[in-house]
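Asker: If you scroll down you'll find the structure; I have some questions about it.
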Amino acid sequence: MAAIFQGVGAAATLSSSPSNSFVPKKFLTSPRRSFSVRKVPSYVVVRSDGSVNFDLNSKSRRAQQLVANAVATKADSSAASSSSNPGHELLLFEALREGLEEEMERDPRVCVMGEDVGHYGGSYKVTKDLAKKFGDLRVLDTPIAENSFTGMGIGAAMTGLRPVVEGMNMGFLLLAFNQISNNCGMLHYTSGGQFTIPIVIRGPGGVGRQLGAEHSQRLESYFQSIPGIQMVACSTPYNAKGLMKAAIRSENPVILFEHVLLYNLKERIPDEDYICNLEEAEMVRPGEHVTILTYSRMRYHVMQAAKTLVNKGYDPEVIDIRSLKPFDLYTIGNSVKKTHRVLIVEECMRTGGIGASLTAAITENFNDYLDAPIMCLSSQDVPTPYAGTLEEWTVVQPAQIVTAVEQLCR
Amino acid sequence: MASAFSAAKFSAQPFPLNHTSTTSHDSSIVFAKPTSLFLGSTRKLRLTSSSKFNLSRRSGTVDAVSDVVKQKKSKSSPSLLITKEEGLELYEDLVLGRAFEDMCAQMYYRGKMFGFVHLYNGQEAVSTGFIKLLKQQDSVVSTYRDHVHALSKGVPARAVMSELFGKTTGCCRGQGGSMHMFSREHNVLGGFAFIGEGIPIATGAAFTSKYKREVLKEADCDHVTLAFFGDGTCNNGQFFECLNMAALWKLPIVFVVENNLWAIGMSHLRATSDPQIYKKGPAFGMPGIHVDGMDVLKVREVAKEAIGRARRGEGPTLVECETYRFRGHSLADPDELRDPAEKAHYAARDPITALKKYLIENSLASEAELKTIEKKIDEVVEDAVEFADESPVPARSQLLENVFADPKGFGIGPDGRYRCEDPKFTEGTAHV
């Protein structure tokens, strides 16, 4: 476990915890968030007007340190290289491919199906060269028939294979809703547990750069009610590879949400084999004042806002929830109990999105710990327009996040 | 790829145009028959008009096989289609299907089972004719009219009846019901409520069979999958999409259409632009066969050929069985739209009566032997009902099992432990 803290001056530069490996949670002797222990001996509060206050008991603005680097997730500051191994640098789509390739080597039953995954190498190159290595049957180019080839993947999973079905764009999986809801999610139950469906359904989604309404959909909000599936969203090369591998190894059907704009993020990841726990959230930046829950691309908007917030004297705790279904109520709960204020920042629509469910879950479980109503920043209930300016206004921007935190911490 | 079909049945060249070797596993191919490394259509695109395109024999026969079989039968009486053992096996299976469904109707009206129950009376020849040719490792995929498919495949009558009663001893622990019969042991892959959604599942099972043989190198894997569905489904997108994929990759699957002319109250002729479903096979590059689905022997002959084709790796077949359901669509259907004359016409072609007649006329069995079988089946069905009656209903603790294969999927609770470790989970009282 990487200990990044260097006393007073350092910010938490952890973007991910390499201890999220195979060890089941209950066997970890130390709390998973050991990096939340702050060994800072004294507090200095620096107000925005420049005055300095040594108030230890002030509730709202405690633990003020002038932090030099508020943004944890910039590429080179990854904590993943805790071992003596230097690791290797790659882009997010390469990390996904690496994870997929490693799993395909490890288990010959793992196969890929989707449009243009084989010879074309995937529309975002996640499966580049895999067909050359593993053959056309293992990396299957399908005709344009989402419902049927997703169903075919489910049938293959029932009979012993471990398929990874790619939706060229997550929005296309709307055509596969029949199979995903009825068969993928429910078949294990309706068959009385006789058939498992160890399938992974993955693809790029989210709002890109002027891709238009239909290519900018957030399917996580539509799929979240389906019983029997797990949903995870990756946001860094480290957790992309880790989640891909964990999803493939899982016996449950897992939907892995990638984001169109994050494929070229660069990070240094470990050389050794690792997975990221599917059900755990990721502590991006520990803090004291407010809990900001986010996932996928919005993580970067949040961290950008965090820079501004820190300069204004706030100390936000940023958590990438990663597991969209089920929520990691432990990490989230601990944070709420500490900061008493919650802001959710998501890319889903206002109505019925992941944020709406998360708000409900937090209210249900942690209402007593809240000092203020939960704020949820989501995209507007608008079909994503093509025009760049309009598109920008439908999605949550860092400035709005800053305003929201200021409002929340008033 | 060398096709076992004679040249007359395929208008295309037997070898693919671009035989690119894209797999790295071509070193040790154990089995003798060649397989194509090229996954794709083996048909050339002809830009010049060819008279061959106007023939009905394009890529696959569209013969009405009933004629072929009739010929075979009348040729010489000593060459019978079945042996005595086979005859008795078929008869027993037909009677089991009929008796079971009749009992279902009784039990439904007595309030022992609920919901939507779709009975198979009259269509038994299709199930028996096809499924009795399968091995245990072959798979069957059906629709909501699936009781008899499960029984023919070998699922015990007790397990099916219990499932219908919603008891924990049912084949799906009472969690599936009439429309979701599954059996891992007998490879019954469901039981689906939405029509058409089972066809991709069947395609996937066939894909696994091909994958096991070609990628995992299990050389003797020749498992075949049968997909059963009705005439209404043949207008659904999933049907066409799967015909395409199965033919494209030569999957070991047989698409069996149980055309009983009615989709609840919608006549097949009112719903379908070209009601001859078997013709749609050749459009995708597979043979399309039409057979009299009320005659178990004719069905069996066609099934032998189709299943044999699939087992040899020659690809899929579309078989349209003309059949009829004697009862309504489900037990809730008043069945007012169908013409009594039509019902009478098919009632006269009852598959059980037909086989009985055949067995007796050809001295394969005596009346007494058949009566014994009927009696035996009656006892089996009675026993199934008794068993189901006495079986326990699912306990509360069963509620949350089987939602996930790995119950960690319920997530981590506020206390830091996985929610499935909470005792309320095993009790079934936790809220998820």
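Chains A and B, in that order, give the protein sequences. Note that UniProt numbering has the first sequence beginning at 1, numbered continuously upward. Note that UniProt numbering has the second sequence beginning at 1, numbered continuously upward. No residue lacks a Cβ here, since even glycine has one placed at the ideal position from N, Cα and C. Quantities reported herein were computed from a predicted structural model and do not represent experimental measurements.
Using a Cβ-Cβ cutoff of 9 Å, what residues of the segment 282 to 294 of chain B are near chain A? List them in chain order.
Answerer: Listed by position along the chain: nothing, the set is empty.
Asker: In angstroms, rounded to a whole number, what distance separates the CA positions of N183/A and I154/A?
Answerer: Taking the straight line from one Cα to the other gives about 7 Å.
Asker: Could you check the C-alpha separation between L92/A and H215/A for me, to the nearest Å?
Answerer: The alpha-carbon atoms of L92/A and H215/A are separated by roughly 20 Å.
Asker: Tell me, please, whether the CB atom of R299/A is closer than 8 Å to any CB atom in chain B?
Answerer: By this cut-off, R299/A is not an interface position.
Asker: Check whether the Cβ atoms of G206/A and V260/A lie closer than 8 Å to each other.
Answerer: Taking 8 Å as the Cβ cut-off, G206/A and V260/A qualify as a contacting pair.
Asker: Could you give the C-beta distance for I344/A and L293/A, rounded to a whole number, given that I count them as a contact under 8 Å?
Answerer: Indeed, because the Cβ distance is near 5 Å, the residues count as touching under 8 Å.
Asker: F192/B and L251/B: beta carbons closer than 8 Å?
Answerer: For F192/B and L251/B, no; Cβs fall outside 8 Å.
Asker: Checking 8 Å against the spacing of the C-beta atoms, do L337/B and A105/B come in under that value?
Answerer: Taking 8 Å as the Cβ cut-off, L337/B and A105/B do not qualify as a contacting pair.
Asker: Would you say L329/A reaches chain B, if we count a Cβ-Cβ gap shorter than 8 Å as a contact?
Answerer: Interface residue, yes.
Asker: Are V405/A and V290/A touching if we call contact CB-CB under 8 Å?
Answerer: Going by C-beta atoms, V405/A is nearer than 8 Å to V290/A.
Asker: Exposed or buried, which one is T196/A when buried takes at least 16 other CB atoms within 10 Å?
Answerer: With 16 or more Cβ atoms within 10 Å of its Cβ, T196/A is classed as buried.
Asker: Quick one: measure Cβ to Cβ for G171/A and Q217/A, integer angstroms, because I've assumed they're closer than 8 Å.
Answerer: Their Cβ separation, rounded to whole angstroms, is 4 Å, which keeps G171/A and Q217/A in contact under 8 Å.
Asker: Are F366/A and G333/A touching if we call contact CB-CB under 8 Å?
Answerer: In this structure, G333/A lies closer than 8 Å to F366/A by Cβ.
Asker: Note the first and the last residue of the continuous alpha helix (DSSP H) segment covering R300/B.
Answerer: Segment V296 to R311, the alpha helix (DSSP H) holding R300/B.
Asker: Taking the alpha helix (DSSP H) that H345/B belongs to, which residues open and close that run?
Answerer: Here the alpha helix (DSSP H) through H345/B covers P340 to A347.
Asker: Shortest alpha-carbon distance to A159/B belongs to which of R184/B, D274/B, T128/B and Q136/B?
Answerer: Nearest of R184/B, D274/B, T128/B and Q136/B to A159/B, Cα basis: R184/B.
Asker: Can you find a CB in chain A that lies within less than 8 Å of the CB of K408/B?
Answerer: Taking Cβ atoms only, chain A reaches closer than 8 Å to K408/B, which makes this a yes.
Asker: For P163/A, report the span of its beta strand (DSSP E) as first-last.
Answerer: Per DSSP, P163/A belongs to the beta strand (DSSP E) from R162 to E166.
Asker: Whose C-beta lies closer than 8 Å to the C-beta of R341/A among residues of the same chain, with five residues either side of it excluded?
Answerer: For R341/A, where only same-chain residues beyond five positions count, the Cβ hits under 8 Å are H289, V290, T291, L370, D371, A372, L408 and C409.
Asker: Compare the C-beta of T351/A against all C-beta atoms of chain B and say whether one is closer than 8 Å.
Answerer: No, T351/A lies away from the interface with chain B (no Cβ there is under 8 Å from its Cβ).
Asker: State the DSSP-derived secondary structure class of E346/A, mapped to helix, strand or coil.
Answerer: Strand, per DSSP.
Asker: Do V224/B and V188/B come within 8 Å of each other at the CB atom, strictly closer than that value?
Answerer: The answer is no: Cβ separation not under 8 Å.
Asker: Is M231/A helix, strand or coil by DSSP?
Answerer: Correct three-state label for M231/A: strand.
Asker: Is the distance from the Cβ of T384/A to the Cβ of A213/A below 8 Å?
Answerer: Yes, the Cβ-Cβ distance between T384/A and A213/A is below 8 Å.
Asker: Taking contact to mean 3 or more Cβ pairs, one atom from each stretch, closer than 8 Å, check whether the segment 105 to 121 of chain B and the segment 321 to 331 of chain B are in contact.
Answerer: Counting Cβ pairs under 8 Å, three or more are found: they touch.
Asker: Which residue comes first and which comes last in the beta strand (DSSP E) that contains F326/B?
Answerer: First-last for F326/B: undefined, no H or E at that position.
Asker: Between which two residues does the beta strand (DSSP E) containing H88/A stretch?
Answerer: Per DSSP, H88/A belongs to the beta strand (DSSP E) from H88 to L91.
Asker: Just the chain A side, please: which residues come within less than 8 Å of A247/B by C-beta, in chain order?
Answerer: Neighbours of A247/B on chain A: none; closest Cβ ~11 Å, over 8 Å.
Asker: If distances are taken between C-alpha atoms only, which option among L164/B, A347/B and M161/B comes closest to Q123/B?
Answerer: Among L164/B, A347/B and M161/B, the Cα nearest to that of Q123/B is on A347/B.
Asker: Alpha carbon to alpha carbon, how far is Q398/B from E427/B?
Answerer: Between Q398/B and E427/B, the C-alpha separation is close to 8 Å.
Asker: Measuring CA to CA, which of G176/B, M286/B, N362/B and F425/B is closest to R396/B?
Answerer: For the residues G176/B, M286/B, N362/B and F425/B, the minimum Cα distance to R396/B belongs to F425/B.
Asker: With a CB to CB cut of under 7 Å and the five nearest residues on each side skipped, what residues in its chain are close to K93/B?
Answerer: Position check: residue 93/B holds Asp in this sequence, whereas Lys was assumed. Here the set comprises T128, K132 and S152.
Asker: Looking only at its own chain, which residues have a Cβ that is under 7 Å from the Cβ of S123/A, when we skip the five neighbours before and after it?
Answerer: Counting only Cβ-Cβ distances below 7 Å, and skipping sequence neighbours, we find D116 and M168.
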